[in-house]
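Comments concern the structure below.
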Amino acid sequence: MLNNALEAFLDLAGLNLDIKPLHTLSPAQARATFESSSQRLRWPVPWDLRVEDLSAVVRDGSSLALRLYRPSVDAGENLPVVLYFHGGGYVVGSLDSHDGVCRELAGRTRCAVLSVGYRLAPEHRFPTAHEDCADAVQWLATQGRRLGLDPARVVFAGDSAGATLAAALAIEAARQGPQAAITPVGQLLCYPITDASCKRSSHTVFGEGYLLEDETLDWFYAQYAQSDEDRRDWRFSPLLADELAGLAPAIILLAGLDPLLDEGKAYAARLEQAGVNVECIVAEGLTHDLLRTLSIVPEVTEVYDQLAVGVRRWLQAEGTGSR
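Using the numbering used here, the first residue of the sequence shown is number 176, and each one after it goes up by one.
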């Protein structure tokens, strides 16, 4: 059953207003609409944080925007890091649209959060977003200590398409073994896209009227993929990866009213079958993008609490000393 407070959220998102769905707009129009909706969803964050805008040079010489959040009180040691990749179907979303999410994570976990402004489609098609995020991992590995960060204690995290990027990077790190720039201590995957090659029953049941429209998903994929083959690539669809053994432990947060629900459950099951420690949380009555609905749905604070407990557990298991 749909959470009562979400009716107001759906209104804000434009599903019950005279605002065109994202898939009927140009990418530029969709970004402007998404950012406008994001501004209306902002909430007061109580955490006392220091926030710094940074940049990194990626493999083709372009500059990548980064934003670093950390507790304002000096911990006296290099801080563990949540490396965060925002959602938006590879087409919309930004450091600003997910600023509140990153502030909540930094405040509740008491570690640093580094948010990555990877380049968007269709101007930058697959696998650019993945490569940008991999370059951000490399940047953190080489520059982190200079900024008071601990590259040995990093969680890969994201929501929606950003969770897909985090999942793919965790797979890549496991494949690289000791050669990996950073081996994550955990992966925090919030309502990820795990298989863009097909549709499951949740796409039909929740594909219209629950914030994320199935037609919008198809539009996102068409903007990012250069071919159908791209959609079957494990960097686009991590559920289709041949091998998932040896990955960092995962928390997978799913929304009970989300077209991506079934593929998220399938990914959790595959990780478990591969011997990965997995905690799958299903937020019943809530929709895709739930982490950005805190101003509308007070229950979301309990979800943040669960995520923060899991992240702190991973980081404590790695020790608390500076490395």
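Backbone N, C-alpha and C define an ideal beta-carbon position, used for all residues, glycine too.
| query | Which runs of the beta strand (DSSP E), 3 residues or longer, sit entirely within the region 221 to 267? | reply | 224 to 232, 238 to 246 and 254 to 260
| said: Within 10 Å of its beta-carbon, does residue 491 have 16 or more other beta-carbons around it, so buried, or fewer, so exposed? | reply: exposed
| field | Beta-carbon separation (whole angstroms), residue 230 vs residue 239, contact threshold 8 Å | value | 6 Å
| message | Quick check on residue 427: does DSSP put it in helix, strand or coil? | response | strand
| query | Should residue 452 be labelled buried (16 or more other beta-carbon atoms within 10 Å of its own) or exposed? | reply | exposed
| request: Indicate whether residue 260 and residue 232 have their beta-carbon atoms separated by less than 7 Å. | output: no
| field | Three-state class that DSSP yields for residue 286 in the structure shown | value | coil
| query | By how many angstroms is the C-alpha of residue 382 removed from the C-alpha of residue 388? | reply | 5 Å
| Rounded C-alpha distance that separates residue 236 from residue 315 | 17 Å
| Neighbourhood of residue 478 by C-beta, 6 Å cutoff - its chain only, sequence neighbours within 5 removed | 458
| task | Grab me the residues of residue 190's own chain with a C-beta within less than 6 Å of its C-beta, minus the 5 sequence neighbours each way, in chain order. | result | At residue 190 the pLDDT is 46, less than 50, meaning the model places this residue with poor confidence; the figure from the coordinates comes in the next sentence. There are no such residues.
| request: Give, in chain order, every unbroken run of the beta strand (DSSP E) that is at least 3 residues long and sits entirely within the region 309 to 383. | output: 324 to 334 and 361 to 365
| query | Where does residue 223 land, buried or exposed, given buried means 16+ other C-beta within 10 angstroms? | reply | exposed
| Any chance the region 317 to 328 sits against the region 336 to 355, with 3 or more Cβ pairs inside 8 Å? | no
| task | Below 6 Å CB to CB, which residues in the same chain sit around residue 412 once its five sequence neighbours on both sides are set aside? | result | 370, 371 and 372
| Using DSSP with H/G/I as helix, E/B as strand and the rest coil, what is residue 454? | strand
| task | Confirm, please, whether the CB-CB distance from residue 449 to residue 419 is below 7 Å. | result | yes
| request: Tell me where the alpha helix (DSSP H) around residue 439 begins and ends. | output: 436 to 448
| message | Out of 472, 327, 309 and 214, which one is the CA nearest neighbour of residue 274? | response | 214
| field | Length of the line joining the Cα atoms of residue 335 and residue 472 | value | 19 Å
| request: Report buried or exposed for residue 207, applying the criterion of at least 16 other Cβ atoms within 10 angstroms of its Cβ. | output: exposed
| request: Quick one: residues in its chain with C-beta nearer than 6 Å to the C-beta of residue 282, no 5 flanking neighbours on either side, listed in chain order? | output: 222
| task | Counting only the same chain and skipping the five closest in sequence on each side, list residues whose C-beta sits under 8 Å from that of residue 414. | result | 369, 370, 438, 441, 442 and 445
| task | Kindly indicate which three-state DSSP category residue 461 falls into: helix, strand or coil? | result | strand
| Proximity to residue 276 [Cα-Cα], best of 397, 348 and 337 | 337
| request: Select from 263, 286 and 268 the residue whose C-alpha is nearest the C-alpha of residue 257. | output: 286
| In whole angstroms, what is the alpha-carbon distance linking residue 225 and residue 331? | 21 Å
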